[in-house]
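Enquirer: Be aware that the sequence shown starts at 1, since it is given in UniProt numbering, and climbs by one per residue. All residues carry an ideal CB built from backbone N, CA and C; glycine is no exception. Quick caveat, the model's predicted, so the values are computed rather than measured. Dropping the structure in here first, questions after.
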Amino acid sequence: MINDSTIAALGGVAASAAPGASPAQARAYTHPALPGRTVVRLTTDALAQVEDTTLASLGFTHTGTPTPVGHTRTRTTGFPEWPILTDPANARHALNLVGDLRRIEKTARAKPGNAKKSIDELARMLDESAPHFLPTFLEEAGRIFLRNDNRAYATQYFGKAREAERAHNLDIDEERHRQVFLEFALAGAVSAKELSAEGRALLERYGAGAALDSFLALNVERVKGGMPPYGGLAADVRRLAQEAGADLGVEQVRSRLLEKLGITGDLVDGRLDCREWVGRYTRMLQGTWRAPYPRALCLLIRRMKGLAGKTVELSNALYCLEPEILDAIVEAGARPAFDTGTRFYSSLRLDRWAESPDRPDLDFLADSDMVPLVVRGIESTMHSHLDTLIAHSGTRRMLGVWARPRLDGEPTTAQVLAEIKRLSRLLTPSGARAFPDQLAALAAHLDGPRLLARTLRDGLVTELAWPELEAAAAESGDEAPTLHESFPAVGVASKGRIVWVDGDQRVAGTAFPPKKGKKPQWWDYLLVKGETAYLRRHNNGTSDLTWSNNPGAPIDLGYAYWERPSWSSATLPVPGGRLVGERVVRVGDSEHPFTAPCPLLSEDGHYWRVDGGRVNEVDPRTGAVGRESLPGPLADLIAPYLRDGWELRPHAVSWCPATPTTERSLMSTAQGRHAWVALVRDGEFLHLDADGHACRAGSWSVMGRIRRPGGGHWLVSNG
């Protein structure tokens with residue numbers, strides 16, 4: 001059965017009120033030329049006066065009482081209705097043109113050019129006699145061409161109507177203006193230029209905030225009517241949003257757009273699949289760098305009844321995920337779930353939450369199982385927003401989790417000092433009031449004599465020594481000589497002179513002619529078969545390579561950029577040379593040795609290189625890269641951990657045979673090899689020593705585990 005709204009939309013008379021319909025009435029008229037007869041006209045209540053005036057100009061007289069008949073489609077008040085309603089004293093100027101317009105419409109399809117010429121002449125006359133009637137006259141001209149399938153001329157006359165409004169600075173009835181704009185827009189007779197101009201005009205009439213609302217409403221209705229968004233819509237909305245000021249960002253615009261579309265109510269009441277919508281929208285934000293803060297989204301999510309008991313699937317890209325979204329999802333009764341796979345960032349940041357006004361306490365997040373995600377990133381927010389974190393109950397509780405003691409029963413002095421440093425920002429009156437238990441637990445370990453005794457029993461770092469290396473450093477006369485790796489040797493360099501030490505022996509040394517260069521501390525050296533390669537940078541950005549067996553013949557390398565080899569990018573001796581990354585460097589080579597340094601692994605005469613998270617075999621004779629694999633013992637060592645969900649971090653792996661001079665090393669050495677393996681799972685790092693011992697650390701930058709003189713171990717980190 002057809003409903004009343006559809007009946008009205010199709011031009012019929014609906015029995016009851018319906019969207020898009022207005023009350024209608026039947027009005028009776030008599031005329032001297034029609035004695036004894038009555039003419040009945042159907043009109044909307046709003047246009048009854050217009051009907052009376054129009055028929056009066058033809059000699060008709062209204063008689064009797066109007067009879068309500070139902071509801072008909074609401075039509076825009078146009079020409080001559082609008083002039084009659086707004087200026088009845090001058091309505092004759094409009095009524096005089098009605099007959100001309102009807103005559104012109106009869107020729108508009110066959111001879112549109114002649115029709116346009118006639119309309120332009122009438123418009124000129126009206127512009128001189130009653131310019132305030134001109135916009136509605138031009139709109140009616142546009143309707144004539146629309147009815148005759150000439151959208152191009154209709155578009156022109158709609159644009160001319162708006163130009164007339166601006167030219168004569170006419171007062172605008174906003175409701176009629178909105179209706180006529182939408183009428184022509186849905187007919188495809190409003191150009192993109194005119195739509196953009198409407199945005200500017202609304203800004204002048206309304207001010208920024210109201211202009212944006214009206215502009216969004218117009219375009220939403222246009223799209224709902226089946227018209228596609230025009231090309232400049234995004235730029236126009238962005239301009240209006242910027243004019244609205246800092247308090248109205250993209251997120252608020254989106255929220256208003258949802259309201260205009262009528263989607264908000266459906267999402268809140270559960271008539272739309274809010275679970276899927278929230279997941280999709282949040283994923284979009286997670287993939288957007290510095291998206292506007294989603295306060296409006298969070299407020300909407302908290303109201304969604306349909307989320308209760310649901311699981312919202314989110315991306316595991318946590319860096320761009322605002323914790324407040326999770327708080328809102330949990331408050332709505334849903335459970336966030338993250339995609340599986342490696343997380344490049346394993347923590348949530350509270351900085352933008354802390355900087356936003358009207359922020360919630362995040363109590364729902366503090367009661368959830370996602371607290372560890374916040375705890376891992378909360379320390380960075382403390383630097384600038386500690387008072388804010390303490391002031392809100394939810395973040396205060398999560399900060400309390402972060403502040404829990406991390407010391408075991410017998411901590412070392414270094415561990416206690418590290419814990420004091422970690423909690424130092426809480427050592428304030430406000431911190432003491434907020435976290436009395438955590439700080440009391442720290443204070444229980446501050447027993448000076450006991451810590452000193454334990455430290456002396458465990459041994460001091462100064463008890464570890466490398467006499468020959470220290471002697472070479474002292475002989476350099478430099479307070480900060482540079483150290484260079486060519487496993488198993490270490491070079492001590494200063495001002496062009498280098499001594500290579502392997503164990504308790506000096507295995508090579510040379511001094512290069514002093515020359516001017518840029519930052520000698522950035523020069524690099526490499527030991528290959530007893531000869532030293534000396535790589536020097538110049539002030540002009542160029543560099544050269546000199547070999548110790550031919551010091552007078554530096555090789556110009558031109559402009560060559562290279563990264564200084566890191567601790568993880570060890571080089572290894574191979575038959576005939578030294579393996580550096582993916583190439584074998586031989587004595588006298590003229591190519592840059594450090595263009596692609598990368599970690600190398602070795603086991604039983606075989607070699608591997610790590611690049612881009614992949615581990616591939618390397619031919620030690622040519623440097624050619626082979627198939628992807630792992631050293632057998634390494635694969636066996638990590639296999640049970642991989643089954644438990646851990647992932648290997650190849651760039652943080654050290655694995656090579658010990659040499660006669662390194663086999664007694666105190667650092668990560670066992671079973672004839674030096675080994676250190678890093679694994680990660682859900683932001684947690686696990687390290688395996690050469691003997692298979694596992695230890696947990698907060699970062700992949702831990703380089704190894706060194707035995708203390710008095711027993712136990714220290715962890716060595718590069719940062």
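#1: Using the rule of at least 16 other Cβ atoms within 10 Å of the residue's Cβ for burial, across every protein chain shown, is V580 buried or exposed?
#2: Evaluate I420 with the Cβ neighbour count: other Cβ atoms within 10 Å of its Cβ, from every protein chain shown; 16 or more gives buried, anything less gives exposed.
#3: Taking C-beta to C-beta, are D544 and P551 nearer than 8 Å?
#4: In the DSSP assignment, find the unbroken alpha helix (DSSP H) run with H385 in it and report its ends.
#5: In chain order, which alpha helix (DSSP H) runs of at least 4 residues are fully inside the stretch 32-81?
#6: How would you write the range of the beta strand (DSSP E) that Y230 sits in, first residue to last?
#7: Classify E355 as helix, strand or coil using the three-state DSSP reduction.
#8: So what's I498 in DSSP terms, helix, strand or just coil?
#9: Note down, in chain order, each residue of its chain lying with its Cβ closer than 6 Å to the Cβ of R397, except the 5 sequence neighbours on either side.
#10: For K117, count neighbouring Cβ atoms within 10 angstroms of its own Cβ and tell me buried if that reaches 16, exposed if not.
#11: Nearest to T661 by alpha carbon, out of L642, S424, T532, Q505?
#12: Whole angstroms is fine: what's the gap from R696's alpha carbon to R664's?
#13: When DSSP labels each residue in this structure, what does D100 get in the three-state scheme?
#14: Going by DSSP, what residue range makes up the alpha helix (DSSP H) through G632?
#15: What did DSSP end up calling Y206 once you bin it into helix, strand or coil?
#16: Suppose you measure from the CA of Q677 to the CA of M370; what does that come to, to the nearest Å?
#17: In three-state DSSP terms, what is W523?
#18: What is the DSSP secondary structure of S118, counted as helix, strand or coil?
#19: Could you check how far apart the C-beta atoms of R151 and A189 are, in whole angstroms? I think they sit under 8 Å.
#20: Would S315 and R283 qualify as a contact pair, given that the criterion is a beta-carbon distance under 8 Å?
#21: Using 8 Å as the Cβ pair cut-off and three pairs as the minimum, do the stretch 155-166 and the stretch 58-69 touch?
#22: With DSSP as the reference, label P467 as helix, strand or coil.
#23: Taking the alpha-carbon positions, what's the A201 to L389 distance?
#24: Which residues bound the beta strand (DSSP E) around R583?
#25: For L203, which residues of its own chain have a beta-carbon under 7 Å away from its beta-carbon, when the five flanking residues on both sides are left out?
#26: In chain order, what residues of the same chain have a beta carbon less than 6 Å from the beta carbon of G577, not counting five sequence neighbours either side?
#27: DSSP three-state call for H484: helix, strand or coil?
#28: What is the residue span of the alpha helix (DSSP H) that M703 lies within?
#29: Taking DSSP's pairing of strands, which residues face P573 in a bridge?
#30: Could you give the first and the last residue of the continuous alpha helix (DSSP H) run that contains G431?
#31: Compare the Cα-Cα distances from T622 to each of P575, D447, S356, A596 and report the closest residue.
#32: What's the gap between the Cα of V716 and the Cα of L648?
#33: On the DSSP letters alone, give me the boundaries of the alpha helix (DSSP H) that Q179 sits inside.
#34: Which of the three DSSP states is assigned to A14 in this structure?
#35: How would you write the range of the alpha helix (DSSP H) that Q671 sits in, first residue to last?
#36: For L456, count the other beta carbons within 10 Å of its own beta carbon; 16 or more makes it buried, fewer makes it exposed. Which is it?
Expert: A quick look at the data gives this:
#1: buried
#2: exposed
#3: no
#4: 378-391
#5: 48-56
#6: Y230 -> no beta strand (DSSP E), and no H or E assigned at all.
#7: helix
#8: strand
#9: A366
#10: exposed
#11: Q505
#12: 25 Å
#13: helix
#14: 632-643
#15: helix
#16: Checking the displayed sequence, the identity of residue 677 turns out to be Val instead of Gln. Whole-angstrom Cα-Cα distance: 28 Å.
#17: coil
#18: helix
#19: 5 Å
#20: yes
#21: no
#22: helix
#23: 45 Å
#24: 583-585
#25: A211, L240, E243
#26: V528, V584, V585, R586
#27: strand
#28: Counting along the chain, M703 falls outside any alpha helix (DSSP H), though it belongs to the beta strand (DSSP E) covering 702-707.
#29: R578
#30: 429-434
#31: P575
#32: 19 Å
#33: 174-186
#34: strand
#35: Element bounds for Q671: n/a, residue is neither H nor E.
#36: exposed
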